[in-house]
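Let me begin by presenting the structure, written as structure tokens, before commenting on it.
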Amino acid sequence: MTNQESTVGKEELEGKLIFKSIFFFALIIVITFIGAGRINYWQGWIYNGLNIIFLL
Numbered sequence: 017m018t019n020q021e022s023t024v025g026k027e028e029l030e031g032k033l034i035f036k037s038i039f040f041f042a043l044i045i046v047i048t049f050i051g052a053g054r055i056n057y058w059q060g061w062i063y064n065g066l067n068i069i070f071l072l
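The numbering used here puts the first residue of the sequence shown at 17, with every later residue one more than the last.
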């Protein structure tokens, strides 16, 4: 395996990880606000905002 092949695989893996992370965050946000029954649930925005900040 050449160095170029391993770099392409690494970039592909990073892309998948970024996509899955964004999907996970979006899913958690949707679940939070469906459970609350409203989008202007300020505690949900604080909770999700802190999750994103601390996980990045």
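By construction, the Cβ of each residue, glycine as well, lies at the ideal position given by its N, Cα and C atoms.
Since the structure is predicted, the reported quantities are computational estimates derived from the model, not experimental observations.
Residue i CB to nearest heavy atom of the ligand ATP below 7 Å
i: G65; result: Although the ligand ATP was asked about, the structure shown includes no ligands whatsoever.
Residue i - DSSP class collapsed to helix/strand/coil
i: I55; result: coil
i: L72; result: coil
Reference residue i, options the options, closest by Cα
i: N67; options: G53, T48 and K32; result: T48
i: V46; options: I34, K32, G31 and N64; result: N64
Do the segment 54-61 and the segment 22-40 make contact, defined as three or more Cβ pairs closer than 8 Å?
no
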